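Here's the structure we're looking at; comments come further down.
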Amino acid sequence: MATMTNLLETLGSLERDSFVSLLSNLMDESRYLQNNPPELVPEEDRVVKHVLNSLLPLSTTTDGGPLILNHVTYFPGRGNLIVEYPGTVPGKILSFVGCHMDVVTANPDDWDFDPFTLSIDGDKLRGRGTTDCLGHVALVTELMRKLGETKPNLKSTVVAVFIANEEDVVITGVGIDALVQDGLLNKLKEGPMFWIDTADKQPCVGTSGMIPWKLHVTGKLFHSGLCDKAINPLELAMDAIKETQLQFYKDFPPHPKEQVYGFTIPSTMKPTQWSYPGGVINQIPGECTISGDVRLTPFYNVNDVTKKLLEYIDDINDNIQKLETRGPVSKYVLSDENLRGSLTLTFDEVSSGVACDLNSRGFHVLCKATEEVVGNVKPFSVAGSLPLIRELQDEGFDVQACGYDMSQGYRVLASIVAQLEDSE
Numbered sequence: 010m011a012t013m014t015n016l017l018e019t020l021g022s023l024e025r026d027s028f029v030s031l032l033s034n035l036m037d038e039s040r041y042l043q044n045n046p047p048e049l050v051p052e053e054d055r056v057v058k059h060v061l062n063s064l065l066p067l068s069t070t071t072d073g074g075p076l077i078l079n080h081v082t083y084f085p086g087r088g089n090l091i092v093e094y095p096g097t098v099p100g101k102i103l104s105f106v107g108c109h110m111d112v113v114t115a116n117p118d119d120w121d122f123d124p125f126t127l128s129i130d131g132d133k134l135r136g137r138g139t140t141d142c143l144g145h146v147a148l149v150t151e152l153m154r155k156l157g158e159t160k161p162n163l164k165s166t167v168v169a170v171f172i173a174n175e176e177d178v179v180i181t182g183v184g185i186d187a188l189v190q191d192g193l194l195n196k197l198k199e200g201p202m203f204w205i206d207t208a209d210k211q212p213c214v215g216t217s218g219m220i221p222w223k224l225h226v227t228g229k230l231f232h233s234g235l236c237d238k239a240i241n242p243l244e245l246a247m248d249a250i251k252e253t254q255l256q257f258y259k260d261f262p263p264h265p266k267e268q269v270y271g272f273t274i275p276s277t278m279k280p281t282q283w284s285y286p287g288g289v290i291n292q293i294p295g296e297c298t299i300s301g302d303v304r305l306t307p308f309y310n311v312n313d314v315t316k317k318l319l320e321y322i323d324d325i326n327d328n329i330q331k332l333e334t335r336g337p338v339s340k341y342v343l344s345d346e347n348l349r350g351s352l353t354l355t356f357d358e359v360s361s362g363v364a365c366d367l368n369s370r371g372f373h374v375l376c377k378a379t380e381e382v383v384g385n386v387k388p389f390s391v392a393g394s395l396p397l398i399r400e401l402q403d404e405g406f407d408v409q410a411c412g413y414d415m416s417q418g419y420r421v422l423a424s425i426v427a428q429l430e431d432s433e
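Reading the sequence shown from the start, the letters are residues 10 to 433 in our numbering.
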């Protein structure tokens, strides 16, 4: 069997020319990989084509090598690709997943260069998807190609999963959710799984959940010169949001584990958008809507929070006459007309946060590899959301998350393979 030192020598460093050539081909497809349905639906098989061009000559499909390739498609033109380098010990496995083949949209008018073509500025690779996530697709492809070429005798099976439809949650049943549902990734539960799709050069050990909310506020429309006859929904919205926020931060204060995981901010609840039907400047509108989100660290339950938020709004509605108002004629109840302002809170699709297992063997080898290659290791957490990772956790996968620049990233992934090969 390969020792750690010998395996690292065999895998070597990232072959720049091969990597850049592959990434350039992927970037040339990026215009057709933008994910913003229904206007823009990506064609991930355009990426699969180039990955297969690199790996097919080293696969069992062509009898050219040991790589086992499984191109899985649930929607025409939108495939996933599972690549396996088989080991000798049953049940000993590690996987690299999360390398997605779709990208977020880009308007060329907003860029100083063509976002859909790879450009190189010194050591910088520029273009839509170079980091998120076509660069990582090319990186992991290069690692699997090197395994296929050198054929090291490994105890561990190494699996790479290139996925469709990571950038969109509206359309389902296309990407990794379908692969999990069909049981195609079940054996990956037997070893650590590394999600290769995060920023920075350090292990990402936590993310926040997200609760998008909308508060619709109904008042009474009237002339602003006769505001005593109106119920101002804008003022009611502001006062209701303030009261709701005060209750939220009382019930969901900073959690002790947030420091352990390196979160820089606790759970938050805030407005981000405001809309109303329109009208002239001297008219108090009859309604408005405030939208926002809750970013919830993974140590609280999103269902508990949505339940509490609804309770806060119900309490305000029931006691709206007690809500603090603004000025001598501002009011939320018109008793002589038997009118009351009202609030309705609704939610869009919620997602839970992620707290990676800090006792996992996968976490420890990731940290060691990072320290060896980058020079230091400082795991971090972010208030952004990665719902797919949480879904994998809930299905029983031991997921760790990371992302690196490409030359360092290759050495980190090689170190992970080598370390796990040395472990029992």
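Don't be surprised by glycine CBs; every beta carbon is placed ideally from N, CA and C.
Note that this is a predicted model, so its numbers are computed, not measured.
Cβ pair residue i, residue j closer than 8 Å
i, j, result
"Asn89", "Val81", "yes"
"Tyr413", "Val426", "no"
"Leu23", "Met202", "no"
"Tyr341", "Thr253", "no"
"Gly301", "Thr281", "yes"
"Met13", "Asp366", "no"
"Ser165", "Gly96", "yes"
"Val504", "Ala173", "The structure shown does not extend to residue 504, since the chain spans only 10 to 433, so no value can be given for it."
"Leu343", "Lys229", "yes"
"Ala410", "Cys213", "yes"
"Ala378", "Leu17", "no"
"Glu151", "Ser27", "yes"
"Val56", "Val146", "yes"
"Val363", "Ile398", "yes"
Contacting residues, own chain, Cβ-Cβ under 7 Å from residue i (five flanking each side not counted)
i, result
"Leu197", "Ile102, Ser104, Val168 and Phe406"
"Ser128", "Phe122, Arg135 and Gly136"
"Pro286", "Pro294 and Glu296"
"Ile180", "Pro46 and Asn174"
"Asp357", "Pro221"
For residue i, the nearest candidate out of the options (CA to CA)
i, options, result
"Ile299", "Gln330, His225 and Asn326", "His225"
"Leu35", "Pro46, Asp54 and Glu24", "Asp54"
"Leu305", "Lys160, Thr216 and Gln190", "Thr216"
"Gly107", "Val408, Asp414 and Lys279", "Val408"
"Trp222", "Ile250, Gln428, Pro46 and Val149", "Ile250"
"Asp442", "Pro161, Pro47, Gly73 and Met219", "Residue numbering for the chain in the displayed model covers 10 to 433; residue 442 lies beyond these limits and cannot be assessed."
"Asp119", "Lys133, Arg137, Asp132 and Leu127", "Arg137"
"Ala115", "Gly144, Tyr41 and Lys317", "Tyr41"
"Ile290", "Gly234, Ser27, Tyr321 and Lys340", "Gly234"
"Val338", "Leu32, Thr379, Lys238 and Tyr419", "Lys238"
"Glu175", "Ile205, His109 and Glu151", "His109"
"Asp324", "Gly336, Ser351, Asp345 and Asn310", "Ser351"
"Pro388", "Ile185, Tyr270 and Thr126", "Tyr270"
"Leu429", "Cys376, Ser394 and Leu395", "Cys376"
"Gly371", "Phe28, Val29, Glu199 and Leu163", "Glu199"
"Ser276", "Val311, Gln292 and Ser284", "Val311"
"Asp177", "Ala364, Val112, Gly384 and Ile274", "Val112"
"Leu348", "Ser369, Asn326 and Thr355", "Asn326"
"Asp130", "Leu20, Val29, Asp141 and Asp403", "Val29"
"Val303", "Pro262, Tyr83 and Gln268", "Pro262"
Close beta carbons around residue i, own chain, < 8 Å, minus the five adjacent residues each side
i, result
"Leu76", "Leu64, Leu67, Ser68, Thr69, Val92, Glu93, Tyr94, Met153, Leu156 and Gly157"
"Glu380", "Val386"
"Asp260", "Lys317"
"Lys160", "Gly74 and Pro75"
Sequence-distant residues of the same chain with beta carbon closer than 6 Å to residue i, five excluded per side
i, result
"Asp248", "Leu332 and Glu333"
"Val382", "Gln417, Arg420 and Val421"
"Phe434", "No answer is possible for residue 434: the residues shown for the chain start at 10 and end at 433."
"Ser360", "Gly218, Met219, Ser394 and Pro396"
"Arg335", "Glu244"
Where residue i falls, given that 16 or more other Cβ within 10 Å makes a residue buried
i, result
"Gln43", "buried"
"Ser390", "buried"
"Asn241", "buried"
"Pro307", "buried"
"Thr207", "buried"
"His59", "buried"
"Val50", "buried"
"Ile437", "In the structure as shown, the chain starts at 10 and stops at 433, and residue 437 therefore has no counterpart that could be examined."
"Leu143", "buried"
"Thr355", "exposed"
Host beta strand (DSSP E) of residue i (start-end)
i, result
"Ile77", "Ile77 to Thr82"
"Lys133", "Lys133 to Arg135"
"Asp130", "Ser128 to Asp130"
"Ala410", "Asp407 to Cys411"
"Cys108", "Ile102 to His109"
"Arg154", "Run containing Arg154: none in the beta strand (DSSP E); it sits in the alpha helix (DSSP H), Leu143 to Thr159."
"Val314", "Premise fails: Val314 lies in the alpha helix (DSSP H), Val311 to Asp327, not in any beta strand (DSSP E)."
"Pro201", "Pro201 to Ile205"
Residue span of the alpha helix (DSSP H) that contains residue i, given as start and end
i, result
"Gly215", "Gly215 -> not in any alpha helix (DSSP H); beta strand (DSSP E) instead, spanning Cys213 to Thr216."
"Gly336", "Careful: Gly336 lies outside any alpha helix (DSSP H) and carries neither H nor E."
"Lys377", "Arg370 to Val383"
"Asn34", "Arg25 to Asp37"
"Arg399", "Pro396 to Asp403"
"Val56", "Asp54 to Leu64"
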